[in-house]
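Input: a single structure, listed below in structure tokens.
Chains as they are written, first to last, in our numbering: chain U, 3 to 134; chain V, 4 to 267.
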């Protein structure tokens, strides 16, 4: 895969974990808090709204070790989406969503989300092509 | 001949290792200072995280710390007073207590307590963050680990060492007064004269600088050791071991240097 400048693509990858000692909401809220300089309350509200939109409002207070693979994936996805970059790349989803039929799950999440970027790029192993 | 070659090789490797580690710590410290000096660092989020770190480092252990200070101070004050009485130097006892406890022992023991409690936790956490790629993930999100993770812990550590030392000192002074003069107010004048004669401006400045260095040592050294950890989980305990050894050596070095500057 080509290397992208960090400010062009938001990546959801098994190699980019959540901050383990923070809840899902805190992980997502870090972006508006540190990049856009919102106050803690507003940053937390934005994170909560995004999780609600993706249908996973209940994971807000969970920390990484307490999350199921799908919940962890959604938290990582929300963190990538809130970066508001021009591209969203999901790298090796099978490595993160190993216990569910993930192509359908990704379509479901994409259908729920109505913000930018509108297109999500999935990079997966070639032998998983039949799954899609 | 082979023995000599091996010896030179081993010594050289050790020297290079030490130099690498020292350079790593100094480079990390330079980065900390440059981040401190950047106005963009000082936003609401950073300040909130610093306050949180001060809470975790100092406020959470306040009751334990005060009991610990109470016990140590009581024992040392009792020993000093009884020895001073035996050798006929009771008048100098208050000054001895202030010099030994307040200027030397309390700052050192405070730094040691914070090193054991928070320094080891910082070292482990940073090492785990490094091994688990969490630092890379933060960088990908353009949340600078230095600003979000490291700087607040360093600031929290320095403020905690200073704050706890001041609180411990106040408690010790109170205890010393009670031990020497009891509940009577007659000794207040003499006691305050002794305090002001010991705590001259240069001494206060030296104490503040020592506490700042202690605070920096108990936070930056474990962090630097954590950042040096190779991305292998089994190396985390080795990293903590190295980091804590460096903290201990640094604390002793700071204390010895401060004593040497003061008394030699």
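The beta carbon of each residue, even a glycine, is placed where N, CA and C say it ideally should be.
For a test of your reading of the model: does the CB of residue i fall under 6 Å from any non-hydrogen atom of the ligand ZN? Yes or no.
i             : result
residue 100/V : You won't find the ligand ZN in this model; it holds no ligand whatsoever.
So, is residue i buried or exposed, given that buried needs 16 or more other C-beta atoms within 10 angstroms?
i             : result
residue 134/U : exposed
residue 39/U  : exposed
residue 85/V  : exposed
residue 122/U : buried
residue 231/V : buried
residue 152/V : buried
residue 78/U  : buried
residue 160/V : buried
residue 4/U   : In this predicted model, residue 4/U has a pLDDT of only 48, less than 50, meaning its place in the structure is not dependable enough to derive any value.
residue 4/V   : exposed
residue 66/U  : buried
residue 84/U  : buried
residue 89/V  : exposed
residue 17/V  : exposed
residue 46/U  : buried
residue 76/V  : buried
residue 9/V   : exposed
residue 89/U  : exposed
residue 260/V : exposed
residue 102/U : exposed
residue 271/V : Outside the displayed span of chain V (4 to 267) sits residue 271/V, for which this structure offers no information.
residue 41/V  : exposed
residue 10/U  : exposed
residue 63/V  : exposed
residue 127/U : exposed
residue 125/U : exposed
Are residue i and residue j close, meaning C-beta to C-beta below 7 Å?
i             : j             : result
residue 62/U  : residue 50/U  : yes
residue 83/V  : residue 96/V  : yes
residue 158/V : residue 36/U  : no
residue 217/V : residue 114/V : yes
residue 120/V : residue 56/V  : no
residue 175/V : residue 104/V : yes
residue 93/U  : residue 15/U  : yes
residue 64/U  : residue 26/U  : yes
residue 250/V : residue 220/V : yes
residue 168/V : residue 109/V : yes
residue 131/U : residue 137/V : no
residue 30/U  : residue 81/U  : yes
residue 154/V : residue 14/V  : no
residue 52/U  : residue 59/U  : no
residue 214/V : residue 183/V : no
residue 99/U  : residue 146/V : no
residue 140/V : residue 18/U  : yes
residue 81/V  : residue 243/V : no
residue 236/V : residue 134/V : yes
residue 224/V : residue 246/V : yes
residue 285/V : residue 60/V  : Because residue 285/V is not part of the residues shown, which for chain V are 4 to 267, the question remains open.
Going by alpha carbons, who is nearest to residue i out of the options?
i             : options                    : result
residue 222/V : 240/V, 125/V, 168/V, 251/V : 125/V
residue 163/V : 15/V, 199/V, 146/V, 122/V  : 122/V
residue 179/V : 21/V, 101/V, 52/V, 22/V    : 101/V
residue 57/U  : 72/U, 104/U, 128/U         : 72/U
residue 171/V : 70/V, 258/V, 251/V, 241/V  : 70/V
residue 129/U : 88/U, 45/U, 96/U, 59/U     : 96/U
residue 34/U  : 72/V, 132/V, 14/V, 144/V   : 144/V
residue 257/V : 107/V, 191/V, 229/V        : 107/V
residue 43/U  : 51/V, 87/V, 202/V, 236/V   : 51/V
residue 72/V  : 206/V, 177/V, 185/V, 233/V : 177/V
residue 34/V  : 54/V, 74/V, 201/V, 148/V   : 148/V
residue 262/V : 238/V, 239/V, 212/V, 234/V : 212/V
residue 69/U  : 23/U, 124/U, 117/U, 86/U   : 23/U
residue 264/V : 195/V, 206/V, 26/V         : 206/V
residue 253/V : 210/V, 78/V, 28/V, 36/V    : 28/V
residue 94/V  : 248/V, 239/V, 194/V, 234/V : 194/V
Along chain V, in chain order, which residues have C-beta atoms closer than 8 Å to that of residue i?
i            : result
residue 13/U : 143
residue 41/U : 47
residue 81/U : 144
residue 1/U  : Residue 1/U is absent from the model: chain U starts at 3 and stops at 134.
Using a C-beta to C-beta distance shorter than 7 Å, which residues of chain V count as neighbours of residue i?
i            : result
residue 19/U : 135, 136, 137, 140
residue 97/U : Ordered by position in chain V, no residue passes the 7 Å Cβ test against residue 97/U, which lies about 13 Å from the chain.
Can you pull the chain U neighbours of residue i, defined as C-beta to C-beta under 8 Å?
i             : result
residue 130/V : Ordered by position in chain U, no residue passes the 8 Å Cβ test against residue 130/V, which lies about 13 Å from the chain.
residue 151/V : 32, 36
residue 51/V  : 42
Just the chain V side, please: which residues come within less than 9 Å of residue i by C-beta, in chain order?
i            : result
residue 26/U : Near residue 26/U there are no residues of chain V at all, since even the closest Cβ is about 14 Å away, more than 9 Å.
- [ ] Ignoring anything shorter than 4 residues or poking outside the region 118-150 of chain V, list the alpha helix (DSSP H) runs there in chain order.
- [x] 123-134, 137-143
Open item on the list: Ignoring anything shorter than 4 residues, give me the alpha helix (DSSP H) runs that lie fully in the region 147-233 of chain V, in order along the chain.
Closed with: Every alpha helix (DSSP H) stretch that sits fully inside the region 147-233 of chain V and reaches 4 residues is listed by chain position as 154-184, 191-201, 204-230.
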